[in-house]
Structure formats: structure tokens, C-alpha cells
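Following: one structure in C-alpha cells, then a few remarks.
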Amino acid sequence: MIDRQTSDRKTPDGKTSDSALPNAIPSLTSNLDLEAPDKPYLDSNELILNMGPQHPATHGVLRVILKLDGEKVLGTECVIGYLHRGVEKIAENRTYTMFNPYVDRMDYCAAVSNGLGYCEAVEKLLNVEAPPRAQYIRVILTELQRLASHQLWLGTHALDIGAMTPLFYTFRDREEILKIFEKYCGARLTTHAFRIGGCQYEIYPGFEKDVKNFLAFAPPKIDEYETLLTSNRIWLERTKNVGVISGKDCIALGVTGPVLRASGVKWDIRKAIPYANYSKFDFEIPVGTNGDTYDRYLVRMAEMRQSLRIVEQAVNGIPEGPIMAKVPKLIKPPVGEIYHSIEAPKGELGYFIVSDGSTQPYRLRVRPPSFVNLQALDLMVRGALVADVVAVIGTFDIVLGEVDR
Amino acid sequence: MLQEFMSYLGSNLPPGSAGNQLWALIYVFVIFAGVAVIVLCMNWIERKALAHFQIRLGPMRVGPHGLLQPFADALKLMLKEDIIPDEADAVVFWVAPVIGLLAAFTVYIVIPFGPSQAVTDMNIGILFMLGVSSLGVLGIVTAGWASNSHYPLIGALRSSAQMVSYEVAMGMAILSAIMMTSMNAAGTGTLSMIGIVEAQQQQGIWFLFKFFPLGFIAFVIFAIAMVAETNRSPFDLAEAESELTAGFHTEYSGLRWSLFMLAEYAAMIAVSSIAVTLWLGGWMHPFPNLLHGPAWEFIFSLFPGLTFGALAAITFIGAARMPSHSFFRIQRAGLAVFAALIGLVALLLLVIAVAGRANDTSIAARFREGIDYVYWFMLKVAVFMYLFIWYRATWPRYRFDQLMKVGWKVMLPISLGVLILTAIVGVLLP
Amino acid sequence: MNPLLNTGAAPVATPFFFYLLAGAAILSGLLVITRRNAVHSALALIVTLLSVSGLYLMLYAPFVAGVQIIVYAGGIMVLFLFVIMLVNIERVSKERQFNRIWPVGLAASCALLAVFLAAFTKGKDLFHDRPITLPESTNTQQIAGYLYGEAGRIGQYTFAFEIASLLLLVAILGAVIMTKKKI
Amino acid sequence: MVEKYKRQYGSGLDAQTYLGQNYFTVDRSLIPDFLRLLRDEEQFDYCVDLTAAHYPKREKQFDVFWILYSFPRNERIRVKTQIADGESLPSSFPIWPTTDWLEREVFDMFGIKFTGHPDMKRILLPDGWKGHPLRKDYDILQQDKEWVQINLGIESGQ
Numbered sequence: 219m220i221d222r223q224t225s226d227r228k229t230p231d232g233k234t235s236d237s238a239l240p241n242a243i244p245s246l247t248s249n250l251d252l253e254a255p256d257k258p259y260l261d262s263n264e265l266i267l268n269m270g271p272q273h274p275a276t277h278g279v280l281r282v283i284l285k286l287d288g289e290k291v292l293g294t295e296c297v298i299g300y301l302h303r304g305v306e307k308i309a310e311n312r313t314y315t316m317f318n319p320y321v322d323r324m325d326y327c328a329a330v331s332n333g334l335g336y337c338e339a340v341e342k343l344l345n346v347e348a349p350p351r352a353q354y355i356r357v358i359l360t361e362l363q364r365l366a367s368h369q370l371w372l373g374t375h376a377l378d379i380g381a382m383t384p385l386f387y388t389f390r391d392r393e394e395i396l397k398i399f400e401k402y403c404g405a406r407l408t409t410h411a412f413r414i415g416g417c418q419y420e421i422y423p424g425f426e427k428d429v430k431n432f433l434a435f436a437p438p439k440i441d442e443y444e445t446l447l448t449s450n451r452i453w454l455e456r457t458k459n460v461g462v463i464s465g466k467d468c469i470a471l472g473v474t475g476p477v478l479r480a481s482g483v484k485w486d487i488r489k490a491i492p493y494a495n496y497s498k499f500d501f502e503i504p505v506g507t508n509g510d511t512y513d514r515y516l517v518r519m520a521e522m523r524q525s526l527r528i529v530e531q532a533v534n535g536i537p538e539g540p541i542m543a544k545v546p547k548l549i550k551p552p553v554g555e556i557y558h559s560i561e562a563p564k565g566e567l568g569y570f571i572v573s574d575g576s577t578q579p580y581r582l583r584v585r586p587p588s589f590v591n592l593q594a595l596d597l598m599v600r601g602a603l604v605a606d607v608v609a610v611i612g613t614f615d616i617v618l619g620e621v622d623r
Numbered sequence: 011m012l013q014e015f016m017s018y019l020g021s022n023l024p025p026g027s028a029g030n031q032l033w034a035l036i037y038v039f040v041i042f043a044g045v046a047v048i049v050l051c052m053n054w055i056e057r058k059a060l061a062h063f064q065i066r067l068g069p070m071r072v073g074p075h076g077l078l079q080p081f082a083d084a085l086k087l088m089l090k091e092d093i094i095p096d097e098a099d100a101v102v103f104w105v106a107p108v109i110g111l112l113a114a115f116t117v118y119i120v121i122p123f124g125p126s127q128a129v130t131d132m133n134i135g136i137l138f139m140l141g142v143s144s145l146g147v148l149g150i151v152t153a154g155w156a157s158n159s160h161y162p163l164i165g166a167l168r169s170s171a172q173m174v175s176y177e178v179a180m181g182m183a184i185l186s187a188i189m190m191t192s193m194n195a196a197g198t199g200t201l202s203m204i205g206i207v208e209a210q211q212q213q214g215i216w217f218l219f220k221f222f223p224l225g226f227i228a229f230v231i232f233a234i235a236m237v238a239e240t241n242r243s244p245f246d247l248a249e250a251e252s253e254l255t256a257g258f259h260t261e262y263s264g265l266r267w268s269l270f271m272l273a274e275y276a277a278m279i280a281v282s283s284i285a286v287t288l289w290l291g292g293w294m295h296p297f298p299n300l301l302h303g304p305a306w307e308f309i310f311s312l313f314p315g316l317t318f319g320a321l322a323a324i325t326f327i328g329a330a331r332m333p334s335h336s337f338f339r340i341q342r343a344g345l346a347v348f349a350a351l352i353g354l355v356a357l358l359l360l361v362i363a364v365a366g367r368a369n370d371t372s373i374a375a376r377f378r379e380g381i382d383y384v385y386w387f388m389l390k391v392a393v394f395m396y397l398f399i400w401y402r403a404t405w406p407r408y409r410f411d412q413l414m415k416v417g418w419k420v421m422l423p424i425s426l427g428v429l430i431l432t433a434i435v436g437v438l439l440p
Numbered sequence: 010m011n012p013l014l015n016t017g018a019a020p021v022a023t024p025f026f027f028y029l030l031a032g033a034a035i036l037s038g039l040l041v042i043t044r045r046n047a048v049h050s051a052l053a054l055i056v057t058l059l060s061v062s063g064l065y066l067m068l069y070a071p072f073v074a075g076v077q078i079i080v081y082a083g084g085i086m087v088l089f090l091f092v093i094m095l096v097n098i099e100r101v102s103k104e105r106q107f108n109r110i111w112p113v114g115l116a117a118s119c120a121l122l123a124v125f126l127a128a129f130t131k132g133k134d135l136f137h138d139r140p141i142t143l144p145e146s147t148n149t150q151q152i153a154g155y156l157y158g159e160a161g162r163i164g165q166y167t168f169a170f171e172i173a174s175l176l177l178l179v180a181i182l183g184a185v186i187m188t189k190k191k192i
Numbered sequence: 027m028v029e030k031y032k033r034q035y036g037s038g039l040d041a042q043t044y045l046g047q048n049y050f051t052v053d054r055s056l057i058p059d060f061l062r063l064l065r066d067e068e069q070f071d072y073c074v075d076l077t078a079a080h081y082p083k084r085e086k087q088f089d090v091f092w093i094l095y096s097f098p099r100n101e102r103i104r105v106k107t108q109i110a111d112g113e114s115l116p117s118s119f120p121i122w123p124t125t126d127w128l129e130r131e132v133f134d135m136f137g138i139k140f141t142g143h144p145d146m147k148r149i150l151l152p153d154g155w156k157g158h159p160l161r162k163d164y165d166i167l168q169q170d171k172e173w174v175q176i177n178l179g180i181e182s183g184q
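Listed below in C-alpha cells is the structure:
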């Protein structure tokens, strides 16, 4: 019914040479002749619709310019930068430890994993290894944060498509995780839980008990979300083969995280390049088949269960020992540059730090997953309807604090 | 004057067809007041039920358990400023909600709450209802046009296209139900609403169960089309917040906007009462063929009293469980008074039920019958209302093209099939 | 079966309601032709049609009244409004309202007026007011009888009725073909 | 792998490793085809990131980094090149479409133009903004006062 350009086109000679790739993905922005000369507004059946920064369905301040023919989307252009706070410029004027809290403000839905990425990057620069007990605590908190971020995604995504009830279920359960964060490090959202070299605080006495209670509390709740949505006729209708993207296009566009895994590419940094001794825990990586919105939903639901498995193994095996490695009070890493990336809930979150031997990083580059994933929006939405644009923005699970930095 | 007043009470004809304008007028006012009260209660129940679906409490602050919330809303809407966009077409902008309201309310003169409890017994009852409900589209279209801005126009066009296309499926389903009425002895069906229910009474079976699968399928088709007709939950594309801001009534505010809400709820009640009349045997108590005879009559006549008694008990428990902090004193007292009120009504109903049974021709007997009829009718409509709310809590929203696909490619063929099958089965079976 | 339409007690057509509906019809009729804005005249037309359907009810023809509401007010007028909305009417309202050959129109309307007056004055013996003979079965059954024939017999007009529906089918197909841009 | 390319390009290229992460420092002239070579022969099919760093005192002021990763070989390398201020680089959009927004951000922050890029304009800052913030000479409190006054109508951002 909707003539959609199939995304993995083959060139005439069948080889997907690089010449095939670019025109396989028409240049993303220049096709939108926004300055359409003097075409009177309503006469041409094309319509420039502005899903502006304050639109209820764009998660945060993202402005999408849609070029519509009736209901069908001809092309989109994302205008971002409304939340740009110049984090990388600030980093060049702060010492390593002072910059730690800024990192939580970038992807405010998954602050703990931002902190983990930054601390591990600086530890790699200092060539220091956090003690095992600290690493276990870090793994528990990061996986709980992944679960909370996925729950937040599910609530808002279902709300965009029209189902109001899941939002309240997911937020009720997310509350339990935030309580554990609050007891451990005093903050619920921007937690600043870790320090360079390990963890700041010893785990409070009831920590294992709380986490174990949560492990018993969570699985039936996830089943509740599944019963609400997975076999819901209208949910299937609204998400099946909407915003389809193939594995090859994902890799070409640098899309990572659940979106990449839903398109059939079995790649997860926790398994590919293990960090924070993830290699000690066994868990699978859920993979989708045809890369549509429904597969991304299934992949994230499976990831929630995997995170619980990891937390369970980590809580039972917390080793004794110090929680802070020997790190000088004032961190002055040697001259050099390193790149370190972790598997954040949205995708590959990377830190590229160039240090010139002083206490302040010479250049700190953050590779945000949402910023790079958003480029695929135009390809996935071309030929779809306006309601699908809303659904696809939802499946990306983008956070504008991370896109704009 | 008094003679004419008393003369009507004896006859068992609805006032309109008995040519008694005075009583017809009184009935009209009673029904409109009743619908307004039901809409207020619906507003409260919808917010509370939706809240409890979503594990939250819903309005608790205005009055005990938010009972005064609807009145507060109504007052707020009346006092709120009524903005008219400047280039908007003032006349049409004012007329649109009035059309919507007219279309929604004129349907009530034909709805049979009881054999003689309808305003009038038009002999083209259902036809009249279909005609007036199609007028509702006009209200929406003019509202979208009058607000003279981009989103309402799209919203209005979308929802009118949706209503027009689901009216077709609805019409077919109603046709198959009417065909069933003509299977009685006289061989000629009837369009009049009271006639339909009487046909079900004579055949001693609800049309829901008649020719088993057919009646049920037609009922399901009507139930779905009815949700689409009133722009409610899975089909509420007109007010799809995520795409168009609020559909055709974006530019409305204050009292005018509340007129639209009133029209929507009134349309919901009207459409579900059509369903009740056609398929669930209007004012008949359940299982007419199995449980009849004076003993069962008496038991069924106790039901109204018992339900109100149960309601009173629940409110009393609610009042008792309220924390005894001084702040809650007024609220506890308020709730207790409310509970006492409902208890009183329950008592009254029970007394009438008992008195009415004694001798059949007395005023009490007529009252008891009247109350029974209206009670059963309203109970079935209440079940439909609860379904509307339940849909709203669970279903996500249809995309516009899927909505049209379901309307034309799924509902219409099935309803046509049911229509033809009912005809064939009707002719073959005696 | 429910009793006859009414037991012949007070007739439906009370003078008050008749004058009310007739007045509304004439007033809104005038509005239709005088309003400059197309949407206003469309709404006025709807009011006219509804009041005419009220008049039908007075003539013991409820079926025709119901059809009038459904077909005219509910169906055709909705399409009118759709068309008016999609065609932007700024251009139309600027054209001159009266075209040049208005004398011909005036002459025709005077002739019509003369015919009505003649019928009204001399018509006393044309329509002798005999009592209304109520149809033995209700109006809807009577119409069905004509159209589809009493139980078993083919009615006088069944064939004509089917041909009319065929005509409608042709019209629908034409509409589909014309709008078939690219489906 | 490193020896193969050393023989092929000799002077223009040398490979170092630091803390286990090896990277090439490549001369500016080799850029487009060396990257294409890496992608086709060595299957580095995923360009993780493209950034730059500003060294005002050096004669060639900017370091531009490509961080590449190969799925089949599960290996990550970096390619570094140095260009002077005002010079432009051939865009690597034809090789990896993901660099579209990354290059726009580098242009936005550093002012390095990429020739052959489909839509070379600012991505984070407003289009009319003058100055490139991540340059060392761009003070942290500095703002494009003129843009702020025209568009926001306030005296200054501070």
C-alpha cells in the first residue's frame, strides 16, 4: 500500500561496492529544498510541517521538519542544538574529578552508565584498575540503571502510540530502582555514583537485601508489561514493519545499541570488548530479525530480563576488599590519548580523551549514541505516515541532553 | 387541565403517541435532566476508573473521594474565558457545538426506557435515530472549519471521514437486527424501538442469542462501530495528542468546549442505548423465557433496592475508613450524608417493590413496573459505559489508514454477510 | 403489534407547530439565497430541510420525514460542506452577486406567484376537505407494500425500484474512475 | 597489517600504539583513499567517531581523528592526520554515511571544512553564529554578542 524504498538496494552489478552505499542512502539533508522558491503555500500538495521543539511526541527539544505529500512523509530534517551546553568546552577548563558530575547531565535518563564510562576512560588513561569489589558494585548499579532507562523508554513510547496505562506501571516499578540509588549515593537521577579509581561509598548495610527484594519484585512486573502490549492487536498493527532498517544500513550509519541488535546484528560491547569484568557474568544478547519497531520493542524487553540476570549473579558474588584503587588526590595523567566505550542503554557511549599531562583534559570528546542513531530517522521514516514518525522517534529512545551535549 | 393531567396516567401509551403534549414536555425535561446528571457521574466515574486502572487514585481532593470534582469542573468551564480566534467565522463557531449537542440529544426522544416510559413511540424509531446521529458529523465539520487554523481542519476532516465510514457498517448491523423482529407471528417487522423490544419479549429471546452466531456477530460489529462513531478510545484519532494537538475542538475553550464534551458523552449514552434496545432486550430482565412467573418477578423487582443498598453500604465503609484526622471531619460527614441519602433511596425502592407486588392495579404496582424497566435498561447501558472506559485504558490508538482499512475492508463485508445470512436463515426457519 | 400510529385523538398538526415550522422553512430559505458566505447558506439550507421534514411528520408520513433527515440533512449537506471547505471560497465571494439577466428571473417568479394565488382563491372546490382516511397499516409498511409487494406478490413498483438502484451504481463507479489518480 | 601499509606508503604513514590502542598518523594527502582502503580491504566497516583537536602553537594546528572499528575482526584503530588552519579535508561521507553529522559538528566546533559533504552547515549552534567554540582561542565566557542581541533581543548571554 505505501510504496517504500527498500533500504538495502543492490547496485546493478549486484556488488554492494562503496559507490552503492552513498546513493543507497540519499544524502540526508540536501534533498529537502526547504527554501522552495515561490510555490504558493496550499496549492502545491507538498506541505512543510514543523514538529517543533515543543511537540509532545519529540522527547525533549528536538525539531523535525517534515515534508509531507498529504499524510505521506517525503523527507525529514532534524534541527537540534536547542539543549547545547558546550560540555566539551567546559571539560577543557575543569580537572578530571571536577568534570565527573557534568557527565551525568548528558544522558539524564542513564546517569550511572555515563559515570561508569567516564571513570573507566580516565582509569585506562592512568593505567589503573578499579578493585574487583568496586567493579561488582559498578556492574550492579549500571544494570539497574539500564533497566530503569528501558522502563522509562517503554512508558513514553507506549504513550506516544496511544496506550496510557503502561506509563504508570513502568514508573511505579522504576521508583524501586531509584530508591536503591537514593539510599546508595543520595541522588535519584543525576547520581554521580562513581569516582575515578572505584566507588566513593561502601554499600550501605541493607544493599544486598534491597537488591534481592527488587530481583524478586521485578520479573512479574515485566510480565505485566508483556501481557499489556506484546499480543495487543492494535500495538502490533502500529509497530509491525514500521521504521524498518537493515543491519547493513545500521552499520553504515553507525547506529548501535538495541536498534542495531533489532536489525539482526549480534553485537554488544559488553561481550565484544568486555569492560568492568562483564566477562565474569553469563548473559545472552537478544537479537531481532527484521529490524522494525516491534523487534526493537522485543529486544529491549529481553534486555530488561538479561540485566536482571546479571544483577543477580553480581549481587550473589560481591567479593570482599577495598573499594578504591590507589589514585593520587590530584589526577595528572601522562601525555597521551585513549578512546574507551561502554554499552549504554541507548548504544555505544564513547569517551576520547587527549591529555597533555596537566590536571585538565586537553580535549575530551564524547561519542553519544542518540546523536548518531538519530541520523537514521530520515531513512526509516521516508514514505511512512505522520503517526509513524512519532512511533519511530519513540523507538530510538533518544535523549536530547545527549544529542546536543 | 387536571383531568387531562390525570387522564394520561391510566393509559399505557408513551405520552408522545398518546397525544398528551404536557406530559411529553415533562418527560423531555426529565430525560434531559437525567442525561445531564448521568454525564456528570460519567465524568467522575471515568476519571476514577481510569485512575484505578493505572494504579493511581484519581481526583481525591475536591470533596470526599473527589465526588465534587465534576461540579468543580462544570463551574470552572462556565467561568473560563471563551476565546474565539480572530479570523474565525463567529456565527459558525457558535453554531457548531449547538449542532453537535442537538444531534446528540434529539436521539433521546425515541429511546424506550420502558413500554410506556419513552417520550414518544415513533413508528420509524431506528430510522430517525440513524438520521439524527449522522447530523453529528455536521457539528464536527463546521467546528473544524470555523476555527480557521491548520490542525483543527485536518482533525475535523479526519473524524468526519471516520464517522461517515463507520455509519455504513453500523447501519448494516442495525438492519440485520430489525430483520429479526419480523420473525414473529404477524410476519411484519417494525422499526419502532418499543416494537423491537416487544418483539424480543414475544419471541422470549434477546436478539443477541437469536440464530446464535449471527445475532452475536451483528452485535459485535455494532459495538465496534459505536466506539468509532463517538470518536472514543481506540479510534480517537481526532484528539490524537501525539499528532494533531486536539483535533477539531482545539480552539474551543470554556463553556463551548464543555458543550462538546456534553455532546460526546450524550452520544455515547445514546449509541449504547440503541445497542441495548436492539440486542439486549431493552427493559426486560435477563433470561425472560426461563425465569418468568410471579415469584421471579418479585425477586427481580428487589434488584433496584438491593443495588442501591449495596452502594450505600460501600459509601458507608468508605466514610468509616477515612482517617479520623480533623482535616477530614467535613469530608467524612459529607460522605456519611451521601451514603445515608443512597440508603434512603434503597429503602424507598424496596418498599415500593414489596407494596407493588401485593395488588396489581394500584399506583404502587405501576411505579414498581416503571422502576424495574428503567433499572434494567440503565444497568445494561452502564455496562457499555464501563466498556468505553476500559477500552480507553488498554488500547493504543489506531493509525488513520488502519482505521479506515478496518472500517471498509473488515467491518463492512462482515456486516453485509451477516445481513444476508440473517435473511436466509429467517426465511428458512419458521 | 403496537397500536395504530395514534388512535385518531388530537391530530398531530396543531396550528402552532405548523406555523412555526413553515415560518422557519421560509426564513431559512431566504437566508440561503441572501448570505454571502457559502458555509452560512449551507447551514441555512440544513435548517430548511429539517423544518420540511417536520412538515412531513404532520402529514402522517414519518418514513418520508426520516428519509429526508438521513438523505438530505445527514448525507448531501455533509458533502456540500466538504466541498465548500476544500475549495477556498475567498475568490467566489468577491464575484458580483447578481447577474445581469435579473429581469427574466423577476418575470418567472411573478408568473409562479400568479399560479399560487389562483389555486388558493379558486381552489376551494378543487380540494374539497374530506376527512383524512388513515391508512390501515402504518406508513412504513404501506410504502414497503408498494415497493416490494405484499407477502409473496410482486409489488407494482419493484422493477422500477431496482432500475433506480442500478442507476446509482453507475454513478458510484463513475465517481471512482474520475478520482482514480493513483491508488 | 602495519608492515604492509608502511611498505606501501613509506614516509606518509607511521603506526604507534599507546596503552594497547594502536593508531596511524597519516599524511593529509593519503586521507580519502587510505580510509577507503581500510574499509574495503581491512573491513573496518563502522566509523565509530570523527573528532578534531586544536593545537594553536603548532604550525599544522588541527589534529583530525577517525576512530574505526571492524565487526568481523572485533578490532578498533584510530587514524590521525594533521592539517593547518583554513585547510579543508575531503569528506569521508561517501565511505561511511555516519560521518554526515559528525563532520558537520567538527565544522561547527572547529571551522574545518569538508569538501564533498552534502550539506556543510552548522548543526548545534544557530546558523548565523560567528566563531567556533572548541578552538583554544575561543574564551569560555565568550559569546557571539551580535547574534544574541539581534535574535534574542537581550544585551548579552551572561
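Listed in order, the protein sequences are those of chains A, B, C and D.
Quick note: the first sequence uses this note's numbering, first residue 219, plus one each step.
Quick note: the second sequence uses this note's numbering, first residue 11, plus one each step.
Quick note: the third sequence uses this note's numbering, first residue 10, plus one each step.
Quick note: the fourth sequence uses this note's numbering, first residue 27, plus one each step.
All C-beta atoms, glycine included, are put in the ideal place defined by N, C-alpha and C.
Every value quoted in this text rests on a predicted model; they were computed, and no experiment measured them.
Is residue i close to chain D, meaning its C-beta is less than 9 Å from at least one C-beta of that chain?
i                : result
Glu561 (chain A) : no
His368 (chain A) : no
Asp428 (chain A) : no
Phe501 (chain A) : no
Keeping to the same chain, check which residues put their C-beta closer than 8 Å to that of residue i; ignore five residues upstream and five downstream.
i               : result
Phe91 (chain C) : none
Is the shortest distance between the beta-carbon of residue i and the beta-carbons of chain A less than 9 Å?
i                : result
Arg148 (chain D) : yes
Ser100 (chain D) : The residue you asked about is not Ser; residue 100 (chain D) is Asn in the sequence shown. With 9 Å as the cut-off, Asn100 (chain D) counts as an interface residue toward chain A.
Thr404 (chain B) : yes
Met163 (chain D) : Residue identity check: residue 163 (chain D) is Asp in the sequence provided, not Met. With 9 Å as the cut-off, Asp163 (chain D) does not count as an interface residue toward chain A.
Arg84 (chain D)  : no
Val52 (chain D)  : no
Any Cβ of chain B within less than 9 Å of the Cβ of residue i?
i                : result
Met382 (chain A) : yes
Phe386 (chain A) : yes
Tell me which residues share the same chain as residue i and place their Cβ nearer than 6 Å to its Cβ, disregarding the 5 neighbours each side in the sequence.
i                : result
Gly612 (chain A) : His375 and Asp378
Cys403 (chain A) : Thr409 and Ala411
Phe432 (chain A) : Glu394
Between residue i and chain C, is the shortest Cβ-Cβ distance under 9 Å, so that the two count as touching?
i                : result
Asp411 (chain B) : no
Gly436 (chain B) : no
Can you tell me which of the three DSSP states residue i falls into?
i                : result
Met542 (chain A) : strand
Lys131 (chain C) : helix
Once you ignore the five residues that flank residue i on each side, which residues in its own chain have a CB closer than 7 Å to its CB?
i                : result
Ile352 (chain B) : Phe318, Leu321, Ala322 and Thr325
>> Can you confirm whether the segment 547-562 of chain A touches the segment 518-529 of chain A when touching is taken to mean that 3 or more C-beta pairs between the two stretches lie within less than 8 Å?
In response: no
Next on the checklist: To test your reading of the DSSP string, which unbroken alpha helix (DSSP H) runs of 4 or more residues are found completely within the segment 227-251 of chain B?
Outcome noted: none
Self-check item: Cβ contact (3+ pairs, closer than 8 Å) linking the segment 240-247 of chain B and the segment 395-405 of chain B
Solution: yes
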